[in-house]
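Colleague: There's a structure below that I have some questions on.
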Amino acid sequence: MMHAVGLIAEFNPLHSGHQFALQKARQLSGADAVVVVMSGNFVQRGEPAILDKWQRTQLALDAGADVVVELPVTSSVQAADQFAEGAIDLLRGLNVHALAFGSEQADLDYLQLAKDLADISGSQNQFRQYNQTFATQLNEAIVQQTGQALTAPNTMLGLAYARATLAKDWPMALYPFARQGRDHDDPELDAHSASASAIRHALRQQQPVPEEVLPAATQAMIERLMPLNWTTLFPLLRYRLQTTPLSQLRAIYTMSEGLEYRLVQQLRPGHDFDAFLEAIKSKRYTYARLRRLALYTVLNLTQNEMTWAAAHPVLHVLGFSAAGRAYLHQEKKQINLPLITKVNAAMLQPDGELNLVNRADQLLENQTNRAQNYGRLPIMLRD
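Residue numbers for the sequence shown follow our numbering, beginning at 3 and rising by one.
Below is the structure:
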């Protein structure tokens, strides 16, 4: 009987810290297979990934992952709680009962903290102070409830995972481990360590990244960086805001509290995306929240569509090793979610399982002429 451990990741791009995470997941859990739930072509910050999902799947398998399934855009481009719930849904679908994650505070009892915070919903509606961001108000509530200051991003994400296991009624053994390397958004890059943010910045500036930080396999793929970013997306956002009636903008996911007026009013000739973000920024909203809203607007993702997607998760398998293949075969009869290993045309139709994923990925396909979904088979790692 094979046992699996889950790892939730973006691998944007895969670096030495991610290799360490894959090793620790297997080591701490003693699992036979490491199942990675990986963001598709769009990530939590509200922007395209720097390499496409198939490139990152290949890198993940080479680094030790056994199964890679796609966290769709409807879950990957989300605040921590919704991101975590989407990922836990998929691990539950694959009958995974263990989860490893890196944290700045690996010694915390995350499950107990989650239980202590059971009466904090994590909903935007619970925190109505307009002079503070939702994240700040949530952090203050956590301190009041538990006496713990949990502000580091991966610590908060670990807590979100624990809360999601309770919300989904899916008990999991949690294996937090101390992250290697620099802090999440540390801009420094040296010969021994760097954050993913620093690596992305260096790559976009065509600066060298030491192989100790960015493995050779990742370096080899960098020449095919995603040609999609907010420089290319901003004209689409501008057009959408200029031509879409306010009543339709209001239906966009998380377009609340009159934000549709603010976005339209702050469009200025000559603005690039960064300048636009500065113009719409307020104490109420983080940059990440506004980037996500901008992406939902470009993709025309409505509240109704996102609610439906959250209630209908699917398992889109992007790749597997021999051990991963054996694990999927073992669990096949227990899986109660749609399991997709080959994407057909019906799945991409408006009523298809991958409709919203395809809508987002069309942006990339139009830039590269490389299919992201139709006809694609999982990548198989050969022994």
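Positions of the beta carbon are idealized from the N, C-alpha and C atoms, including for glycine.
Keep in mind that this is a model prediction, so the values were computed, not measured.
So for residue 397, helix, strand or coil by DSSP?
Modeller: For the chain, the structure presents residues 3 to 385; residue 397 sits outside this window and is missing.
Colleague: Could you name the residues that DSSP lists as bridge partners for residue 178?
Modeller: According to DSSP, which records beta bridges pairwise, residue 178 is partnered with 103.
Colleague: Start and end of the beta strand (DSSP E) containing residue 6?
Modeller: Note, residue 6: beta strand (DSSP E), 6-11.
Colleague: What is the DSSP secondary structure of residue 321, counted as helix, strand or coil?
Modeller: Three-state result, residue 321: strand.
Colleague: Quick check on residue 35: does DSSP put it in helix, strand or coil?
Modeller: Correct three-state label for residue 35: strand.
Colleague: Within the continuous beta strand (DSSP E) that includes residue 71, where are the two ends?
Modeller: Per DSSP, residue 71 belongs to the beta strand (DSSP E) from 69-73.
Colleague: Nearest to residue 4 by alpha carbon, out of 308, 96, 21 and 357?
Modeller: Residue 96 is the option with its Cα nearest to residue 4.
Colleague: Measuring only the C-alpha atoms, how far is residue 220 from residue 281?
Modeller: Going by the C-alpha atoms only, they are around 36 Å apart.
Colleague: For residue 45, which of 37, 54 and 38 has the nearest alpha-carbon?
Modeller: Of the listed residues, the one whose Cα sits closest to residue 45 is 54.
Colleague: For residue 324, does the count of other Cβ atoms within 10 angstroms reach 16, so buried, or fall short, so exposed?
Modeller: Per the 10 Å Cβ criterion, exposed.
Colleague: Can you tell which of 93, 350 and 341 has its C-alpha closest to the C-alpha of residue 167?
Modeller: Minimum Cα distance to residue 167 is reached at 93.
Colleague: Within 8 Å, do at least three Cβ pairs link the segment 203-210 to the segment 336-352?
Modeller: These segments do not touch.
Colleague: Go through its chain and collect everything with a Cβ distance to residue 144's Cβ below 6 Å, but skip five positions before and after it.
Modeller: Cβ neighbours of residue 144 beyond the five flanking positions: 152.
Colleague: DSSP on residue 90, reduced to helix/strand/coil?
Modeller: Residue state, collapsed to three classes: helix.
Colleague: Three-state secondary structure (DSSP) at residue 234?
Modeller: Residue state, collapsed to three classes: helix.
Colleague: Short check: CB of residue 177 to CB of residue 100, under 8 Å?
Modeller: Result yes, Cβ atoms of residue 177 and residue 100 sit closer than 8 Å.
Colleague: Just to confirm the assignment: which complete alpha helix (DSSP H) runs, minimum length 4, are found wholly within the segment 264-333?
Modeller: DSSP runs (the alpha helix (DSSP H)) wholly in the segment 264-333: 275-282, 289-301, 305-313 and 324-333.
Colleague: Please classify residue 382: is it buried, with 16 or more other beta-carbons within 10 angstroms of its beta-carbon, or exposed?
Modeller: Under this definition residue 382 is an exposed residue.
Colleague: By a C-beta neighbour count over all protein chains shown, 10 Å radius and 16 as the cutoff for buried, is residue 377 buried or exposed?
Modeller: Exposed, since its Cβ has fewer than 16 Cβ neighbours within 10 Å.
Colleague: Look at the Cβ atom of residue 327, then the Cβ atom of residue 48, and state whether they are nearer than 8 Å.
Modeller: Contact flag unset, no.
Colleague: Using the Cβ count rule (16 or more neighbours within 10 Å means buried), how would you classify residue 125?
Modeller: Only weak support is given to the placement of residue 125: the predicted model assigns it a pLDDT of 48, under 50, and the value that follows is read from those uncertain coordinates. Result: exposed.
Colleague: Should residue 239 be counted as a contact of the ligand COA given a C-beta to heavy atom distance under 7 Å?
Modeller: This structure lacks the ligand COA, and indeed carries no ligand of any kind.
Colleague: Helix, strand or coil: how does DSSP classify residue 18 here?
Modeller: Note: residue 18 maps to helix in three-state DSSP.
Colleague: Which one or two residues does DSSP pair with residue 341 in a beta bridge?
Modeller: In DSSP, residue 341 forms a bridge with 317.
Colleague: Which residues mark the beginning and the end of the alpha helix (DSSP H) in which residue 361 is found?
Modeller: Element bounds for residue 361: 357-370.
Colleague: Strictly by DSSP, which residues pair up with residue 381?
Modeller: Answer is 321, bridged to residue 381.
Colleague: How is the alpha helix (DSSP H) around residue 223 delimited, first residue to last?
Modeller: Counting along the chain, the alpha helix (DSSP H) containing residue 223 begins and ends at 218-223.
Colleague: State the beta-bridge partners of residue 40 as determined by DSSP.
Modeller: In the DSSP output, where bridge partners are listed per residue, residue 40 has 11 and 72.
Colleague: When the distance is taken between beta carbons, is residue 23 closer than 8 Å to residue 397?
Modeller: Shown here, the chain extends from 3 to 385; a query on residue 397 therefore has no answer.
Colleague: Taking the straight line between their C-alpha atoms, what separation do you get for residue 360 and residue 52?
Modeller: Roughly 18 Å separates the two Cα atoms.
Colleague: Within 10 angstroms of its Cβ, does residue 310 collect 16 or more other Cβ (buried), or is it exposed?
Modeller: Residue 310 comes out exposed.
Colleague: Flag this pair as yes or no: are the beta carbons of residue 316 and residue 355 separated by less than 8 Å?
Modeller: Cβ atoms of residue 316 and residue 355: closer than 8 Å.
Colleague: Flag this pair as yes or no: are the beta carbons of residue 87 and residue 41 separated by less than 8 Å?
Modeller: Not a contact, by the Cβ cut-off of 8 Å.
Colleague: Could you work out which residue in 103, 284 and 32 is closest to residue 181 when comparing CA atoms only?
Modeller: The shortest Cα separation from residue 181 among 103, 284 and 32 belongs to 103.
Colleague: Hey, is the segment 54-67 in contact with the segment 13-21, meaning 3+ C-beta pairs nearer than 8 Å?
Modeller: With a cut-off of 8 Å, the segment 13-21 and the segment 54-67 count as touching, because enough Cβ pairs lie within range.
Colleague: Could you compute how far the alpha carbon of residue 85 sits from the alpha carbon of residue 155?
Modeller: Near 13 Å, if we compare the C-alpha coordinates of residue 155 and residue 85.
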